[in-house]
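Undergrad: Encoded as structure tokens, here's the structure I'll be asking about.
There are 2 protein chains.
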Amino acid sequence: MIIVLKNSLDKTYNNKQLIYKNRGMDLENMINRSNQYYLDTDKAVIYKKPTPIGVVKVAFKDNHKIIDRGYFKEQSTLDYNGLYKGKYLDFEAKVTKNKTSFPLNNIHAHQIEHMKKVIKHGGISFLIIMINEIIYLLKGEDFLEYLNTHGRKSVAYEYIKEKGYELKIKLNPELDYLKIVDKIYF
Amino acid sequence: MIIVLKNSLDKTYNNKQLIYKNRGMDLENMINRSNQYYLDTDKAVIYKKPTPIGVVKVAFKDNHKIIDRGYFKEQSTLDYNGLYKGKYLDFEAKVTKNKTSFPLNNIHAHQIEHMKKVIKHGGISFLIIMINEIIYLLKGEDFLEYLNTHGRKSVAYEYIKEKGYELKIKLNPELDYLKIVDKIYF
């Protein structure tokens, strides 16, 4: 687990020399802490799925099995899933430094298929996208609708701005995305 | 991913010199294949969660990040989760060689707390237990009820037999646990 001090987030936001890889980590940590808050306040049960790995070689150290060689695999599903008000919910969070569109090269085809399935089976599925310093929640339905009509290369920023719901950073939880979920799904 | 040939399962079942560790793997593989069947037939969207790991050291090989040293961590939730008929569902599968009871030393306290939360928030949560060569589905509610009255050491086989639902091995899917879920939850 990577622990980020709360203040480091503000620092990152005030720092002009942004490293976007860290932005992704910040967004992820914000969501993780928000999920922990939802768990602690008994509002929802939502977790990040562990990154799947392939173990090539195991070893034993002090009687514990350890991984001596492994590699990272792709997630077949979205990164986060869980339960809110009796409903299945899942989503993926992404950051882009692109200003005019959200490129889809880091969302895999099987993840898009997964989204379709979740929606079809009555679950809630969406994306959290950070673009142009703003965080949006984009409904899976709107995302898929766009892909249908525009292809699978990218989603125009204008579309995200029009259809997405802005998520403001605040305290406890830092990213209260369930407030938007309440508004659009319940 | 570990691939087990279908026939090896029958062999294991006919082999008197059972290795119970493999039994656990067989049960897991049966469930994974059943989940794949549910996915292929568009009946449900259920996956095994990857085992969480801690990465101690990464290395680069052919421009790919690989794990040079890592360790296995405990799952905070249950191993399987997903979506069925609009409902959130999660479960854990365990094999015991104990004949009179199912010992709880391999179900962690936080997993029990997780089950309680899932049920409270309107999800479906259960255990799949292989004991005395028989596979049972035990509802989370019945499991928790037993722990409340008998403590957290083990669940008597008699109780599992009385309250559990037997899952017979068949073809496509090998372990049709959703049939029981239909019967008891819908």
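Chains as they are written, first to last, in my numbering: chain A, 1 to 186; chain B, 1 to 186.
Glycine included, each C-beta is placed from N, C-alpha and C at the ideal position.
Below 8 Å on the Cβ atoms is my contact criterion, and I expect residue 164/B with residue 138/B to pass it. Report the Cβ-Cβ distance as a whole number of Å.
TA: Confirmed, about 4 Å.
Undergrad: Have a look at 45/B, 83/B, 97/B and 126/B and flag the residue whose alpha-carbon is nearest the alpha-carbon of residue 24/B.
TA: Among 45/B, 83/B, 97/B and 126/B, the Cα nearest to that of residue 24/B belongs to 97/B.
Undergrad: Buried or exposed for residue 100/B, going by 16 or more other Cβ atoms inside 10 Å?
TA: It is exposed - the Cβ of residue 100/B has fewer than 16 other Cβ atoms within 10 Å.
Undergrad: Would residue 178/B count as contacting chain A if we go by Cβ distances under 8 Å?
TA: Chain A contact via Cβ: absent.
Undergrad: Between residue 159/B and residue 150/B, what straight-line distance do the alpha-carbon atoms span, to the nearest angstrom?
TA: Their Cα atoms are separated by approximately 11 Å.
Undergrad: Starting from residue 114/B, trace the alpha helix (DSSP H) both ways and give me its first and last residue.
TA: Here the alpha helix (DSSP H) through residue 114/B covers 109-120.
Undergrad: By DSSP, does residue 33/B sit in helix, in strand, or in coil?
TA: Reduced to three states, the DSSP call for residue 33/B is helix.
Undergrad: As a quick exercise: from 134/B, 131/B, 162/B and 132/B, pick the residue whose alpha carbon is nearest that of residue 146/B.
TA: Measuring from the Cα of residue 146/B, the nearest candidate turns out to be 162/B.
Undergrad: Any idea if residue 28/B is buried or exposed, counting beta-carbon neighbours within 10 angstroms, 16 or more meaning buried?
TA: Answer is buried; the Cβ neighbour count reaches 16.
Undergrad: Considering residue 148/B, what are the terminal residues of the beta strand (DSSP E) in which it resides?
TA: Counting along the chain, residue 148/B falls outside any beta strand (DSSP E), though it belongs to the alpha helix (DSSP H) covering 140-150.
Undergrad: Less than 8 Å between CB atoms is the rule here; does residue 51/B satisfy it with respect to chain A?
TA: It does; some Cβ of chain A falls within 8 Å.
Undergrad: What do you reckon, are the CB atoms on residue 76/B and residue 47/A nearer than 8 Å?
TA: Yes, the Cβ-Cβ distance between residue 76/B and residue 47/A is below 8 Å.
Undergrad: Which residue from 102/B, 171/B, 72/B and 53/B puts its Cα closest to that of residue 154/B?
TA: The shortest C-alpha separation from residue 154/B is found at 102/B.
Undergrad: Can you confirm whether residue 121/B, when its beta carbon is compared against all beta carbons of chain A, has any partner nearer than 8 Å?
TA: Chain A contact via Cβ: present.
Undergrad: Could you work out which residues of chain A lie near residue 64/B, taking near to mean beta carbons separated by less than 9 Å?
TA: The answer, in chain order, is 71 and 72.
Undergrad: Using 8 Å for Cβ pairs, my map puts residue 71/A next to residue 82/A. What's the rounded Cβ distance?
TA: Residue 71/A to residue 82/A, Cβ: 27 Å. No contact.
Undergrad: Residue 49/B by DSSP, collapsed to three states: which one?
TA: Residue 49/B: coil per DSSP, three-state reduction.
Undergrad: Give me the Cβ distance between residue 80/A and residue 172/A, rounded to the nearest whole Å; I'm assuming they're in contact under 8 Å.
TA: Not a contact, Cβ separation roughly 19 Å.
Undergrad: Would you call the region 85-93 of chain A and the region 124-137 of chain A touching, i.e. three or more CB-CB distances under 8 Å?
TA: With a cut-off of 8 Å, the region 124-137 of chain A and the region 85-93 of chain A count as touching, because enough Cβ pairs lie within range.
Undergrad: Under 8 Å Cβ-Cβ, which residues of chain A neighbour residue 191/B?
TA: Nothing in the structure corresponds to residue 191/B, since chain B is present only between 1 and 186.
Undergrad: Taking the alpha-carbon of residue 65/A as reference, which of 105/B, 69/B and 59/B has the nearest alpha-carbon?
TA: Comparing Cα positions, the closest option is 69/B.
Undergrad: Among 174/A, 110/A, 186/A and 43/A, which residue has its Cα nearest to the Cα of residue 135/A?
TA: Nearest of 174/A, 110/A, 186/A and 43/A to residue 135/A, Cα basis: 174/A.
Undergrad: Are residue 86/A and residue 119/A close, meaning C-beta to C-beta below 8 Å?
TA: No, Cβ-Cβ distance for residue 86/A and residue 119/A is not below 8 Å.
Undergrad: What's the gap between the Cα of residue 168/A and the Cα of residue 133/A?
TA: Near 11 Å, if we compare the C-alpha coordinates of residue 133/A and residue 168/A.
Undergrad: Applying a beta-carbon distance threshold of less than 9 Å, which residues of chain A neighbour residue 31/B?
TA: The premise fails here: residue 31/B is roughly 16 Å from chain A at the closest Cβ pair, so nothing lies under 9 Å.
Undergrad: Rounding to the nearest angstrom, what Cα-Cα distance links residue 170/B and residue 31/B in this structure?
TA: Roughly 12 Å between the two C-alpha positions.
Undergrad: Assuming residue 65/A is part of the beta strand (DSSP E), what are its boundary residues?
TA: From DSSP, the beta strand (DSSP E) with residue 65/A extends over 64-72.
Undergrad: In the DSSP assignment, what are the bridge partners of residue 187/B?
TA: No answer is possible for residue 187/B: the residues shown for chain B start at 1 and end at 186.
Undergrad: From the DSSP output, which residues share a beta bridge with residue 59/B?
TA: Bridge partners of residue 59/B: 66/B.
Undergrad: Is any beta-carbon of chain A found at less than 8 Å from that of residue 76/B?
TA: At least one chain A Cβ lies under 8 Å of residue 76/B.
Undergrad: Should residue 187/A go down as buried or exposed, given a rule of 16 or more other Cβ atoms within 10 Å for buried?
TA: No answer is possible for residue 187/A: the residues shown for chain A start at 1 and end at 186.
Undergrad: Could you work out which residues of chain B lie near residue 86/A, taking near to mean beta carbons separated by less than 8 Å?
TA: What residue 86/A touches in chain B: 87, 88, 121, 122 and 123.
Undergrad: For residue 56/B, count the other beta carbons within 10 Å of its own beta carbon; 16 or more makes it buried, fewer makes it exposed. Which is it?
TA: By the 10 Å Cβ count, residue 56/B comes out exposed.
Undergrad: Check whether the Cβ of residue 40/B lies closer than 8 Å to any Cβ atom in chain A.
TA: Judged by the 8 Å Cβ criterion, residue 40/B is not in contact with chain A.
Undergrad: Rounded to a whole number of angstroms, what is the C-alpha to C-alpha distance between residue 176/B and residue 184/B?
TA: Approximately 14 Å, taken between the alpha carbons.
Undergrad: For a contact defined as C-beta to C-beta under 8 Å, what are the partners of residue 182/A on chain B?
TA: The premise fails here: residue 182/A is roughly 14 Å from chain B at the closest Cβ pair, so nothing lies under 8 Å.
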